[in-house]
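Residue numbers (the numbering used here): 328 to 611.
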């Protein structure tokens, strides 16, 4: 296989990754919107109306079928919600498969050099970061089976990193919002950009020092993953059974970014250490 064809295949894999990431975001957003529509029908005021419809339908011996129609509509929305969820899971799996193929092909195309594999990891990491920042990472639902009303949703929240930052800012927590913006958005973008600079100037001391610094700062990107993990444990262990937490696709993409950015930076740094000493200053 000639080299231009190999680069073409690599480009097609990259386009596939971007397209898959876009569809994952699209389906995850649709799943969130569909969930919100279902939640609206399970809130106390709506459930009270449905109880009235059910009673009226029973008293009219089926002549009035408003409750049955409402129930059918709810079941259809739940089926659509399940379809969106399945689609998100499948697309996430496809993204991982394409990512592995892209890294393998980039490694082979780069004559099996670890540095080329590192740059491939950073490329995937940036795509995963965009999805992780813009897609919900956690949804929390508080519900209870009430007399007469049945299963009633008391509260529902779906949170993503960017929406959390916006919410904190709007509620007067500017400092906390700025910290989350720094460690979850600005720092990841900065460290990835610094690592990418070495692709164009592998021997420039600024690029090498910046890469060394980004490796040490990269661990702070784990902060969100740990915070969300703690929240999941907290809500899942609720003894009253009122609260349920569900991890969304955004968390997996953000965690994938953290993993690939750390590994990619390590591989690039390792590759730069093997450059001739006259061309490459120490990165230690």
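Where a beta carbon is used, it is the ideal one built from N, C-alpha and C, also for glycine.
Practice item. Could you please give me the residues that DSSP links to residue 572 through a beta bridge? Key: Per DSSP, 467.
Review point. For the candidate residues 361, 365, 488 and 351, whose alpha-carbon lies nearest to that of residue 510?
Key: Nearest Cα to residue 510 within the set 361, 365, 488 and 351: 488.
Review point. How big is the Cα-Cα spacing for residue 333 and residue 353?
Key: Their Cα atoms are separated by approximately 30 Å.
Practice item. Could you tell me whether the Cβ atoms of residue 418 and residue 351 are closer together than 8 Å? Key: Closer than 8 Å, so yes.
Check your understanding: Residues bridged to residue 484 by DSSP?
Key -> According to DSSP, which records beta bridges pairwise, residue 484 is partnered with 467.
Exercise for review: Output yes or no for whether 8 Å exceeds the beta carbon distance between residue 491 and residue 580.
Suggested key: It is not a contact, given that the beta carbons lie outside the stated cut-off.
Check your understanding: What's the call for residue 595, buried or exposed, on a 16-neighbour Cβ count within 10 Å?
Key -> It is buried - the Cβ of residue 595 has at least 16 other Cβ atoms within 10 Å.
Check your understanding: What are the boundary residues of the alpha helix (DSSP H) that residue 450 is part of?
Key -> Counted as a single uninterrupted DSSP element, the alpha helix (DSSP H) harbouring residue 450 occupies residues 441-461.
Check your understanding: Smallest Cα separation from residue 340: which of 447, 502 and 387?
Key -> Selected option, being the one with the closest Cα: 447.
Check your understanding: So, are the CB atoms of residue 465 and residue 578 less than 8 Å apart?
Key -> In contact: residue 465 and residue 578 (Cβ atoms closer than 8 Å).
Practice item. Can you grab the Cα-Cα spacing for the pair residue 386 / residue 401, in whole Å? Key: Rounded to whole angstroms, residue 386 to residue 401 spans 22 Å at the Cα level.
Point to revise | Presumed contact (8 Å Cβ cut-off) between residue 467 and residue 572, rounded CB distance | key: Between residue 467 and residue 572 the beta-carbon gap is near 5 Å, inside 8 Å, which marks them as a contact.
Practice item. Let me know if residue 606 comes out buried or exposed under the rule of 16 or more other beta-carbons within 10 Å of its beta-carbon. Key: Reliability fails at residue 606, whose pLDDT of 44 lies under 50, so the model's placement of it is uncertain and the value that follows must be treated cautiously. Its Cβ having fewer than 16 others within 10 Å, residue 606 is exposed.
Check your understanding: For residue 348 versus residue 458, is the C-beta spacing smaller than 8 Å?
Key -> Yes. Within cutoff.
Review point. Grouping DSSP H, G and I as helix and E and B as strand, with all else coil, what is residue 387?
Key: In this structure, DSSP gives residue 387 a state outside helix and strand, which the three-state scheme calls coil.
Point to revise | Backbone secondary structure at residue 360 - three-state DSSP | key: DSSP places residue 360 within a helical segment (H, G or I) once states are collapsed to three.
Check your understanding: Which whole-angstrom value is the C-beta distance of residue 591 and residue 520, which I expect to be below 8 Å?
Key -> Cβ atoms of residue 591 and residue 520 stay farther apart than 8 Å, at about 13 Å.
Point to revise | alpha helix (DSSP H) runs wholly inside the region 497-521, at least 4 long, in chain order | key: As summarised for the region 497-521, the continuous alpha helix (DSSP H) elements at least 4 residues long and confined to that stretch are 501-508, given in chain order.
Review point. In chain order, what residues of the same chain have a beta carbon less than 6 Å from the beta carbon of residue 442, not counting five sequence neighbours either side?
Key: Taken in chain order, the residues that qualify are 595 and 598.
Point to revise | CA nearest to the CA of residue 435, picked from 336, 500 and 593 | key: With distances taken between CA atoms, residue 435 lies nearest to 336 out of 336, 500 and 593.
Exercise for review: Output yes or no for whether 8 Å exceeds the beta carbon distance between residue 452 and residue 587.
Suggested key: For residue 452 and residue 587, yes; Cβs fall inside 8 Å.
Review point. Quick one: Cα of residue 388 to Cα of residue 456, how far?
Key: Distance between the alpha carbons of residue 388 and residue 456 is about 56 Å.
Review point. What residues in its chain sit with their C-beta under 7 Å from that of residue 411, if we drop five residues either side in the sequence?
Key: The answer, listed in chain order, is 354, 357, 358 and 361.
Check your understanding: By the 10 Å Cβ neighbour count, where 16 or more other Cβ atoms means buried, how is residue 515 classified, buried or exposed?
Key -> That one is buried.
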